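In my numbering, the protein residues as written are 510 to 787.
Comments concern the structure below.
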Amino acid sequence: MVASGKPPSTPRQTSCRAPQVYHRNFGNGPRPVLAVHCSLAHSGAWRGVAEQMAEEVTLSAFDMLSHGRSPDWDGQGNYQLLNMQAGLSLLTASVDLVGHSFGATVALRMAMARPDLVRSLTLIEPVLFAAARGEDPAAFAALEEASQPAEAAWASGDRELATRLFNRMWGTGEVKWPDLPEPARAAMLRAMPAVIGSHGTLYDDENGILAPGALDAVAMRVQILTGADSPPVIPAIARSLSRRLDAAHTAVPGAGHMLPITHPQETAALLRNFWHRH
Numbered sequence: 510m511v512a513s514g515k516p517p518s519t520p521r522q523t524s525c526r527a528p529q530v531y532h533r534n535f536g537n538g539p540r541p542v543l544a545v546h547c548s549l550a551h552s553g554a555w556r557g558v559a560e561q562m563a564e565e566v567t568l569s570a571f572d573m574l575s576h577g578r579s580p581d582w583d584g585q586g587n588y589q590l591l592n593m594q595a596g597l598s599l600l601t602a603s604v605d606l607v608g609h610s611f612g613a614t615v616a617l618r619m620a621m622a623r624p625d626l627v628r629s630l631t632l633i634e635p636v637l638f639a640a641a642r643g644e645d646p647a648a649f650a651a652l653e654e655a656s657q658p659a660e661a662a663w664a665s666g667d668r669e670l671a672t673r674l675f676n677r678m679w680g681t682g683e684v685k686w687p688d689l690p691e692p693a694r695a696a697m698l699r700a701m702p703a704v705i706g707s708h709g710t711l712y713d714d715e716n717g718i719l720a721p722g723a724l725d726a727v728a729m730r731v732q733i734l735t736g737a738d739s740p741p742v743i744p745a746i747a748r749s750l751s752r753r754l755d756a757a758h759t760a761v762p763g764a765g766h767m768l769p770i771t772h773p774q775e776t777a778a779l780l781r782n783f784w785h786r787h
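The structure is reproduced here in C-alpha cells:
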C-alpha cells in the first residue's frame, strides 16, 4: 500500500450518529478499562490480557466495524473516525484506554476528541505510519516495499492473497494460512476492505493527527508499548509519538507486533505498573 505523498491535512471530524457495535466485558475488578483490537481480529483478542487482571479491572472491548459481531463498514465515511465514535458512545465515565495496532490509532483519536473520558492512554504497536515518514525515511521506505505484494494482489482482485500476505506480514506467524480454521479465514477476508480503505489515514495522516496542535488535548498520561522484534517502522513511530505526547516507551523483549496476544502476561504487567505509577 504505497503512500501517495500528499501533505497531512487538518484534523477531520464527523457529526453523523455513532455506529452501533458489539461489545463485551472481561473481569470483575473495580478499574474500568476500554480496549480496541487490531485489524483482522475482534474484541476477544483481549481475553488473555484481561484474564491476567480479572480481579483488578473490568475490561470492556468492542468489535470494530467489519470485525467480529459488529456490522460491516459500507465504505462511506472515514473508517477510523467511525470507530472512534463507536468507542466513545460506550463511555459514560473516565476509563483507562488501551489500543493495539490500528486500534491504537482509534484510541488516540478517542483521547483527542474526549480527553475528559480518558484517565490514561496506552498505545500498543500504533500503526500511524505517517509518523515514521520523517523520523526514519529508510524504515518508511522498507514498509512501503514490504506492503507492495499485498497491495498488488488487492489491485488484481485477489482478496484472499492480499489478506494472506497482510496477515503474514503483521500476524503472529504461528499458524500458516491453510491451517487456519475456515471461520478465521473468512473473518479476515471480511475485514480486509477496511484495511485497504484506511491507507490514507495511516500513511498520509489524512485525519490530521500529526497536524500542529492536534495532539495538545492529549494531556493525560500516555505510554507506548512495542515488541522488540517488530519491523523498524514501529520503533520509529513510537519515537515520533513519544516526543509529541511526552509518553514513556517500552519495547518488550522477544515480542513482535501481536504483543498483547502473544505476551499477555507481560502486557498486563506493564499496564498494571503504568496505572499504579499514575
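Where is the CB? At the ideal position from N, CA and C, for every residue including glycine.
In this text the structure is predicted, and so the values were computed from the model without any measurement.
Residue i classed as buried or exposed, judged by whether at least 16 other C-beta atoms fall within 10 angstroms
i, result
"Val-761", "buried"
"His-787", "exposed"
"Thr-601", "exposed"
"Val-558", "buried"
"Thr-519", "With a pLDDT of 38 at Thr-519, under the threshold of 50, the modelled position of that residue is not reliable, and the figure given next carries that caveat. So Thr-519 ends up on the exposed side."
"Gln-452", "The chain is shown from 510 up to 787; residue 452 falls before or after that span and cannot be answered."
"Gly-612", "buried"
"Ala-777", "buried"
"Gly-722", "exposed"
"His-785", "exposed"
Supposed close pair residue i, residue j - CB separation, criterion 8 Å
i, j, result
"His-634", "Ile-743", "As written in the sequence, residue 634 is Glu, which differs from the His given in the question. Yes, they are in contact, since the Cβ atoms of Glu-634 and Ile-743 sit about 6 Å apart, within 8 Å."
"Val-607", "Ala-544", "4 Å"
"His-551", "His-576", "5 Å"
"Ala-703", "Leu-574", "7 Å"
"Gly-584", "Val-566", "Gly-584 to Val-566, Cβ: 35 Å. No contact."
"Pro-658", "Leu-674", "5 Å"
Among the options, nearest to residue i - alpha-carbon criterion
i, options, result
"Ala-737", "Glu-565, Gly-536, His-766 and Gly-584", "His-766"
"Thr-614", "Pro-690, Gly-536, Ala-764 and Ser-548", "Ser-548"
"Ala-747", "Met-697, Glu-644 and Pro-721", "Glu-644"
"Val-506", "Ala-651, Leu-724, Arg-556 and Leu-591", "The structure shown does not extend to residue 506, since the chain is modelled only from 510 through 787, so no value can be given for it."
"Arg-753", "Ala-777, Leu-632, Asp-725 and Thr-735", "Asp-725"
"Gly-666", "Asn-534, Met-701 and Arg-540", "Met-701"
"Ser-603", "Leu-780, Ile-733, Arg-540 and Pro-646", "Arg-540"
"Tyr-712", "Gln-561, Phe-638, Leu-689 and His-609", "Phe-638"
"Trp-663", "Ser-629, Thr-759, Glu-715 and Leu-698", "Leu-698"
"Trp-679", "Gln-561, Ala-764 and Ser-579", "Ala-764"
"Asp-755", "Ala-563, Pro-658, Leu-630 and Pro-690", "Leu-630"
"Leu-617", "Asp-714, Glu-560 and Ser-739", "Asp-714"
"Asn-716", "Asp-688, Ala-622 and Pro-773", "Ala-622"
"Ala-720", "Leu-750, Ile-705 and Arg-694", "Leu-750"
"Ala-554", "Leu-689, Asp-581, Pro-580 and His-609", "His-609"
"Ala-563", "Pro-580, Asp-581 and Gly-536", "Gly-536"
Nonlocal neighbours in the same chain, by C-beta distance under 6 Å from residue i, ignoring five residues either side
i, result
"Met-510", "Unreliable placement is indicated for Met-510, whose pLDDT of 28 sits below 50; no coordinate value is reported for it."
"Val-627", "Leu-606, Ala-620 and Met-729"
"Ala-527", "Gln-594, Ala-595 and Ser-598"
"Phe-783", "Gln-732"
"Arg-781", "none"
"Ser-579", "Val-530, Tyr-531 and Asp-572"
"Gln-561", "Pro-773, Gln-774 and Ala-777"
"Asp-688", "none"
Proximal residues to residue i (C-beta, below 7 Å), its chain only, five neighbours per side dropped
i, result
"Gly-596", "Leu-543, Val-545, Phe-571, Val-615 and Met-619"
"Ala-648", "Ala-641, Pro-741, Val-742 and Ala-745"
"Thr-681", "Met-767, Ile-770 and Thr-771"
"Leu-779", "Leu-734 and Thr-759"
"Gln-589", "Thr-614, Val-615, Arg-618, Ser-707, Thr-710 and Asn-716"
Same chain, Cβ closer than 8 Å to residue i, neighbours up to 5 away in sequence not counted
i, result
"Pro-624", "Ala-726, Val-727, Ala-728 and Met-729"
"Asn-676", "Leu-549, Trp-686 and Met-697"
"Ala-757", "Val-731, Gln-732, Ile-733, Ser-751 and Phe-783"
"Ala-651", "Pro-740, Pro-741 and Val-742"
"Trp-582", "Leu-574, Ser-575, Tyr-588, Leu-591, Pro-702, Ala-703 and Gly-706"
Closer than 9 Å to chain B by CB, residue i
i, result
"His-758", "Within the model displayed, chain B is absent; a lone protein chain is all it includes."
Report task. Could you tell me whether the segment 662-678 touches the segment 768-775, where touching means 3 or more Cβ pairs closer than 8 Å? Result -> no
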